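Enquirer:
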Amino acid sequence: MTPAVTTDVPRLLPRDGERIQNWRAHSAKFGRIPYRNAAGSLINDIEASGLTGRGGAAFPTYRKLAAVLEASVRKRVRPTVIANGAESEPASEKDATLLWLAPHLVLDGLQLAAEAVGAESAVLYTHAHRAGDVGARLREAIADRFDDHVAVRLAIAPPRFLAGQETALISHLDGGPAIPRFPFPRVTEQGLDGDPTLVQNAETLAHLALIARFGPGWFREIGTRREPGSFLATVRRADGRPRIMELPLGTPVPEVIGGLGQVTALLIGGYHGTWVPVARAAKLRLDNESLSSVGASVGAGILAALPGDRCGLVESARILRYLALESAGQCGPCLNGLPRMSAALTALARGRAPRGTRADLERWAGLVTGRGACHHPDGTARFVASALRTFAAELDRHGRGQCGATNAAPFLPVPQSAARTEEDWL
Amino acid sequence: MEIVGEINSSTALWYISRATGVVALLLMTAVLLLGLLVSRQGKLPGLPKFAVTGLHRNLSLIAVAFVGLHVLTAVTDGYVNIPLLSAVVPLSSPYERLWLALGAVSLDLTLAIAVTSLVRNRLRRKTWKAVHWLAYLSWPVAWLHSYGSASDLRGGWLFLLALADLLAVVVAVGWRLAAAARDVPRAERVGLIMTAVHQRGRSR
Amino acid sequence: MKQRLLVNPIDCDGHGACAELLPEMIALDEWGYPLIDGRPVPPALIKDARAAVSACPKLALRLLEVTD
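Quick look at the structure:
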């Protein structure tokens, strides 16, 4: 059921990959939740620790906590806290794995975050396709706990790529479709039911739960100075099997991927991430400082190695088709641009593209960037631009009617069913 | 029209009140039709796109001015007794109590719409929109007020005008509802474009 | 006190009245949607910018004060 788990850094994930059986075992291992009995008091520790969001944006966690607390005090309302376990990226499985193996860490973090901002209600948001196994396990875990100050409601996200997006998540919890909203005012100011809302990735909350116990100094013992701590990565080596690894930030790429000989390129950061040629990638470290030199970022920790027998253009075209179909269709540039980009890349991948297709594709990628209510068009454009750069040689071959690949089987996971009606977004 | 007596300043005001009433109704109708066009992002032939919202706004101010004239002349004329307050407080006029009540209701709604539109930047979008929708109530109430309180409208060419007016609004609202029903639902939009552009690529 | 134009892309339906009134800062892309110059609006164009904001049938365009 779960992908293989390996960790030399047994902070979030148990070293042996065995799940913590129940809340009692969890408390025995980690101790009870270290409540501070004061709103806001945890925030200084989180600031000192340098913890940033593990959902993709790497936003400093203490700033979000402080913003929600400040807004709720100013507006004299109770905020809500939401643990985002939607993990709507098809290539990511780290949050589902964390929730399966160590749900109580995430739930502890949720309680501590709720106390820090003065919330009286909390939601744990999970992915539809994991509602059966992970969902059942979470219900069990929540019922098992004695320490909670705030009741936790479990909610299921629809299987849409955008379902985990901050405003789409809130839109769904407010009773509507999981489609993004105009991001002003920010959700920390006005979110669920109009109240200040803290949305934090599940993994971030698990780190928070450990920092509260062991302190910011402990958190900083691994990682880099600017980007401390560990993170969970979903790693696919050339064999295609996903492995969840807990790694210190700054780990060199070859240590993670291994066997780079049979690989042509690495996809760093998932389907809104960046393709990097293997020679360049081998010199990178997994932290934003190093990755930014190739226009990439750690994101939600997704790393995939494209084997030499596959075609990067064909893979990218499949992914782009999915990304286009997952557009909410609310914003003109995204609605019009992504399908056209998809058709163009499909034509380039097929090798029968008319002249000007590549120029059109690049123009559209530029046109959609920054012009939607969310970052779906931006991330998609970044992904496409990196594919055109990284697979430039392959593009030339396709232009001549050839292809360097010998294996046409799909490599990266792309869901087949597209959303057709409003129900598919609820 | 029978001659009820000599025309003096007070009956003159009375005639002006009825005339401005008719003009106000026609202007309100034009404002409503333009409002429907704005909501569908339509364009008036021969005019730039920004003219639709501009005309809607400017005409609405002129319409309110004419309603104001209509009310003032009706109140100050000596021919019938209408207290000023009954222009905004329904059922408080000894003259034509019910029909004037309708006028007051319509005026109250119109004033609410006008004021909220003037301070739109300081209001929440939802608030402004909710009040603006009262236009669909304000107009028929204004029409009924016109029809019921002015015998002129119940015969002759003014009757035809009032009827044409009503018909125009009914048809326009019907058109707007039909157009909205034909809109592609959000969830289906991207699928439609995907099919269209992918087919276009293949047919080349 | 600088002011910038901001469009809500969800409300915007590509009507294009804004581009008619402020062509110096708003152009339309190949699908009719506005390409907005994000720089502060020069004082000489503020009046036109306000007109563009008023003319939007979807109330999608805003003129915001930004402190920087």
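Taken in sequence, the protein lines are chains A, B and C. Just so we're aligned, residue 30 is where the first sequence starts under our numbering, counting upward by one. Just so we're aligned, residue 102 is where the second sequence starts under our numbering, counting upward by one. Just so we're aligned, residue 19 is where the third sequence starts under our numbering, counting upward by one. Backbone N, C-alpha and C define an ideal beta-carbon position, used for all residues, glycine too. Here the structure is a predicted model, which means the values were calculated and not measured.
Does at least one heavy atom of the ligand MG sit under 8 Å from the Cβ of residue 297 (chain A)?
Expert: Among the ligands in the structure shown, none appear at all, so the ligand MG cannot be discussed.
Enquirer: Can you name, in chain order, every residue of its own chain whose Cβ lies under 8 Å from the Cβ of residue 305 (chain B), other than the five neighbours on each side?
Expert: In this predicted model, residue 305 (chain B) has a pLDDT of only 43, less than 50, meaning its place in the structure is not dependable; the value taken from the coordinates is given anyway. Here the set comprises nothing.
Enquirer: Under 8 Å Cβ-Cβ, which residues of chain C neighbour residue 154 (chain B)?
Expert: Those are 35, 72, 73, 74, 75, listed as they occur along chain C.
Enquirer: Based on DSSP bridge pairs, tell me the residues matched to residue 114 (chain A).
Expert: Answer is A:155, bridged to residue 114 (chain A).
Enquirer: Which residue marks the beginning of the beta strand (DSSP E) containing residue 54 (chain C), and which one marks its end?
Expert: Note, residue 54 (chain C): beta strand (DSSP E), 52 to 54.
Enquirer: Under 7 Å Cβ-Cβ, which residues of chain F neighbour residue 31 (chain C)?
Expert: Here the protein chains are A, B and C, and chain F is not one of them.
Enquirer: Straight-line CA distance for residue 295 (chain B) to residue 140 (chain A)?
Expert: Between residue 295 (chain B) and residue 140 (chain A), the C-alpha separation is close to 44 Å.
Enquirer: Look at residue 203 (chain B) and residue 172 (chain B) and say whether their C-beta atoms are less than 9 Å apart.
Expert: Against a cut-off of 9 Å, the Cβ pair of residue 172 (chain B) and residue 203 (chain B) comes out as no contact.
Enquirer: Can you find a C-beta in chain A that's less than 9 Å from the C-beta of residue 132 (chain B)?
Expert: Not one chain A Cβ lies under 9 Å of residue 132 (chain B).
Enquirer: Tell me the DSSP bridge mates of residue 33 (chain A)?
Expert: Answer by DSSP bridge pairing, in chain order: A:272.
Enquirer: Please confirm if the region 78 to 92 of chain A is in contact with the region 197 to 209 of chain A, defined as three or more CB-CB distances below 8 Å between the two stretches.
Expert: No, they do not touch.
Enquirer: Taking all protein chains shown into account, decide if residue 72 (chain A) is buried (16 or more other Cβ within 10 angstroms of its Cβ) or exposed.
Expert: When all chains shown are included, residue 72 (chain A) counts as buried.
Enquirer: Using the Cα positions of residue 81 (chain A) and residue 400 (chain A), report the straight-line distance between them to the nearest angstrom.
Expert: Distance between the alpha carbons of residue 81 (chain A) and residue 400 (chain A): 26 Å.
Enquirer: For residue 286 (chain B), which residues in chain A fall below 8 Å Cβ to Cβ?
Expert: Going along chain A in sequence order, the residues near residue 286 (chain B) (Cβ under 8 Å) are 450, 451.
Enquirer: With a CB to CB cut of under 7 Å and the five nearest residues on each side skipped, what residues in its chain are close to residue 163 (chain A)?
Expert: 125, 128, 129, 155.
Enquirer: Would residue 273 (chain B) and residue 128 (chain B) be called neighbours here (beta carbons separated by less than 9 Å)?
Expert: No, these two residues do not count as a Cβ contact at 9 Å.
Enquirer: Can you name the residues of chain B whose CB is closer than 7 Å to the CB of residue 39 (chain C)?
Expert: The contacting residues are 151.
Enquirer: Which one of A:378, A:428, A:426, A:112 has the shortest CA to CA distance from residue 413 (chain A)?
Expert: Ranking A:378, A:428, A:426, A:112 by Cα distance to residue 413 (chain A) puts A:378 first.
Enquirer: Quick check for students: name the residue ranges of the beta strand (DSSP E) that lie wholly in the region 31 to 107 of chain A, counting only runs of 3 or more.
Expert: The qualifying runs are 33 to 36.
Enquirer: Please tell me whether residue 290 (chain B) has its Cβ less than 9 Å away from any Cβ of chain A.
Expert: So, interface residue.
Enquirer: Residues of chain C with CB closer than 8 Å to the CB of residue 226 (chain B), please, in chain order.
Expert: Residues of chain C passing the Cβ test: 77.
Enquirer: Report the neighbours of residue 447 (chain A) on chain B: residues whose CB is nearer than 7 Å to its CB, in chain order.
Expert: Result: 292.
Enquirer: Quick one: which residues of the region 358 to 387 of chain A get their C-beta closer than 8 Å to a C-beta of chain B? List them in chain order.
Expert: From the region 358 to 387 of chain A, only 358, 359, 364, 365, 367, 368, 369, 371, 372, 373, 375, 376, 383 have a Cβ closer than 8 Å to chain B.
Enquirer: Where does the unbroken alpha helix (DSSP H) through residue 65 (chain C) begin, and where does it stop?
Expert: Counting along the chain, the alpha helix (DSSP H) containing residue 65 (chain C) begins and ends at 64 to 73.
Enquirer: Which residue or residues does DSSP assign as beta-bridge partners of residue 109 (chain A)?
Expert: According to DSSP, which records beta bridges pairwise, residue 109 (chain A) is partnered with A:150, A:226.
Enquirer: Helix or strand or just coil, what does DSSP make of residue 127 (chain B)?
Expert: Note: residue 127 (chain B) maps to helix in three-state DSSP.
Enquirer: Residue 228 (chain B): buried (16+ other C-beta within 10 angstroms of its C-beta) or exposed?
Expert: The residue is exposed, with fewer than 16 neighbouring Cβ atoms inside 10 Å.
Enquirer: So that I know if they touch, is there some Cβ in chain C lying closer than 9 Å to that of residue 402 (chain A)?
Expert: For residue 402 (chain A), the answer is yes, since a Cβ of chain C falls inside 9 Å of its Cβ.
Enquirer: Scan the region 188 to 266 of chain B and note each continuous alpha helix (DSSP H) run of 4 residues or more that stays entirely inside, going in chain order.
Expert: For the region 188 to 266 of chain B, whole alpha helix (DSSP H) runs of length 4 or above, ordered along the chain, are 198 to 219, 226 to 234, 236 to 250.
Enquirer: Buried or exposed: where does residue 174 (chain B) fall if 16 or more other Cβ atoms within 10 Å of its Cβ makes it buried?
Expert: By the 10 Å Cβ count, residue 174 (chain B) comes out buried.
Enquirer: Looking at chain C, is there any beta carbon in it that lies within less than 9 Å of the beta carbon of residue 190 (chain A)?
Expert: Chain C contact via Cβ: absent.
Enquirer: Pick helix, strand or coil for residue 123 (chain A), following the three-state DSSP scheme.
Expert: Note: residue 123 (chain A) maps to helix in three-state DSSP.
Enquirer: What separation, rounded to the nearest whole angstrom, lies between the Cα atoms of residue 187 (chain B) and residue 201 (chain B)?
Expert: Rounded to whole angstroms, residue 187 (chain B) to residue 201 (chain B) spans 8 Å at the Cα level.
Enquirer: Buried or exposed, going by whether 16 or more other CB atoms sit within 10 Å of the CB of residue 365 (chain A)?
Expert: Label assigned to residue 365 (chain A): buried.
Enquirer: For residue 142 (chain B), name the three-state secondary structure that DSSP assigns.
Expert: Reduced to three states, the DSSP call for residue 142 (chain B) is coil.
Enquirer: Please name the residue, chosen from A:74, A:252, A:183, A:303, that lies closest to residue 26 (chain A) on a Cα-to-Cα basis.
Expert: Outside the displayed span of chain A (30 to 455) sits residue 26 (chain A), for which this structure offers no information.
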